[in-house]
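Numbering-wise (our numbering), the sequence shown opens with residue 35 and increments by one. Comments concern the structure below.
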Amino acid sequence: MSESSDLPLPSARSAPTVPYASYLRVYEPLAAFAEPERTHWADYARRGATPTAQDELRRSLSDLVRVPVVAVPAHESADAFTAVVDGVLLVCPWRTRLRGWLALQELVEWFPGPVLDAALPPSARRQAAEDYESWRERNPDARPWIRTGVWQVPLRWFVLVADGERDHVPGERLRYRTPMVQARRRLARALRTLRDAEGYGMLADGLVEVGSWLEEFHPRSMVELDYGGLLHALPAERLAADRSAADLAAGIAALRAGDAEGAAEVYEGLAERWRTVRERLFAN
35 MSESSDLPLP
45 SARSAPTVPY
55 ASYLRVYEPL
65 AAFAEPERTH
75 WADYARRGAT
85 PTAQDELRRS
95 LSDLVRVPVV
105 AVPAHESADA
115 FTAVVDGVLL
125 VCPWRTRLRG
135 WLALQELVEW
145 FPGPVLDAAL
155 PPSARRQAAE
165 DYESWRERNP
175 DARPWIRTGV
185 WQVPLRWFVL
195 VADGERDHVP
205 GERLRYRTPM
215 VQARRRLARA
225 LRTLRDAEGY
235 GMLADGLVEV
245 GSWLEEFHPR
255 SMVELDYGGL
265 LHALPAERLA
275 ADRSAADLAA
285 GIAALRAGDA
295 EGAAEVYEGL
305 AERWRTVRER
315 LFAN
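Below is the structure:
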């Protein structure tokens, strides 16, 4: 499921192995899963399966090079990302098939018909839509554990995390991890502030939507904001200096203190920085 919110063009010296996308993931404790899935994930973790985001990407893209093209995998993935926090196993299922269906719906909104037809034949898209409708009737409450931001980190995601949770290992990762209760608390507090201000309706609406999604998960879950493939696109010095979570928190704090001008300056600067990144999606 993708999300909408300065970047030099990537150099030719190293081809990235992941797309230019960021990810918002929820890791739930085993107690959140019903049987037989709970046992499946317990066994999965016991076997020491530790796939990476690159592994997921490779498996997803393998379908797109088949003839005929497979728009969405025929079967749901049995893989997940896992983490152990304070001795508790947390699981983030890939749900690649579900996310593929959701992504296809968004592609129709983003790209004109001729472009879509060149990438995915109409017949493949129609079949995927029919399969999803049938599946949805049997699984009305299903939701993805992973959301995707293409060529950006949606600004509303930064509301969920704090600068002190920033984990940056140059060349390897840039992510934030926070307990679900903290993410929900920060979101609720920010939303109260934004609703009382003028000019922040889109950000507030985005937070409402993200908040509704988070409410679907176990309260002892963990939320992870991962820069993902943007790590391979942004220059190292830009990543080292990036404090978007702190910047957004400062803007909201200024708004809460009645400093509308200071808040607008912070928010507009942050939005412009990420807008220039996002616009690369449409560059040749």
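Beta carbons are placed, not taken as given, at the ideal position from N, Cα and C, and that holds for glycine.
In this structure, what does DSSP give as the bridge partners for Val187? Val187 pairs with nothing; no bridge assigned.
Find the nearest neighbour of Phe115 within the set Arg272, Leu273, Glu243, Leu124, judged by alpha-carbon distance. When the alpha-carbon of Phe115 is set against those of Arg272, Leu273, Glu243, Leu124, the nearest one is in Leu124.
Excluding the 5 residues preceding and the 5 following Ala176 in the sequence, name in chain order all residues of the same chain whose CB lies nearer than 7 Å to its CB. Correct list, in chain order: Leu132.
Can you check which of these residues, Pro213, His252, Arg290, Val187, is closest to Leu58 by C-alpha distance? Nearest C-alpha to Leu58: Val187.
Whole angstroms are fine: how far does the CA of His109 sit from the CA of Glu299? Going by the C-alpha atoms only, they are around 48 Å apart.
Reference Val257, options Arg223, Glu69, Leu136, Ile180, closest by Cα: Per the Cα distances, Ile180.
In the region 210–269, which residue ranges form an unbroken beta strand (DSSP E) of at least 3 residues, counting only runs that do not cross its ends? DSSP assignment within the region 210–269 yields the following whole beta strand (DSSP E) runs of 3 residues or more, N-terminal first: 256–260.
Using DSSP bridges, identify the partner residues of His109. Paired residues: none, contrary to the question.
Thinking Arg190 and Leu241 are a contact (beta carbons under 8 Å), I'd like their distance in whole angstroms, please. Yes, Arg190 and Leu241 are in contact; Cβ-Cβ is about 5 Å, under 8 Å.
Are the region 63–71 and the region 133–153 in contact at 8 Å, needing three or more beta carbon pairs? Between the region 63–71 and the region 133–153, the count of Cβ pairs shorter than 8 Å is below three; the stretches do not touch.
Alpha-carbon spacing of Ala280 relative to Ile286, whole angstroms: Ile286 has its alpha-carbon roughly 10 Å from the corresponding atom of Ala280.
Do Leu248 and Arg226 come within 7 Å of each other at the CB atom, strictly closer than that value? Not closer than 7 Å, so no.
Please give the ranges of any beta strand (DSSP E) in the region 49–82, keeping only runs that are unbroken, at least 3 residues long and fully inside the region. Complete beta strand (DSSP E) runs here, min 3: 55–63.
Distance check for Pro63 and Asp113, CA to CA, integer angstroms please. Looking at the backbone, the Cα of Asp113 and that of Pro63 are separated by about 15 Å.
What would DSSP say about Leu132, mapped onto helix, strand or coil? Collapsing the DSSP output to three states places Leu132 in a helix.
Please classify Val193: does DSSP put it in a helix, a strand, or coil? Correct three-state label for Val193: coil.
For the beta strand (DSSP E) containing Ala114, list its first residue and its last residue. If you look at Ala114, you'll find it in the beta strand (DSSP E) that goes 114–119.
Which term fits Glu171, buried or exposed, when burial requires 16 or more other beta carbons within 10 angstroms of its beta carbon? Under this definition Glu171 is an exposed residue.
According to DSSP, Pro127 sits in a beta bridge with which residue or residues? By DSSP's assignment, Pro127 forms a beta bridge with Ala114.
Thr84: buried (16+ other C-beta within 10 angstroms of its C-beta) or exposed? Exposed, because fewer than 16 other Cβ atoms sit within 10 Å of the Cβ of Thr84.
Residues of its chain near Arg277, where Cβ-Cβ distance is below 7 Å and the 5 sequence neighbours each way are ignored: Shown here for Arg277: same chain residues with a beta carbon closer than 7 Å to its own, the five before and five after excluded, namely Asp197 in chain order.
Which class does Asp201 belong to by DSSP, given the choice of helix, strand or coil? Asp201 falls in the strand class under three-state DSSP.
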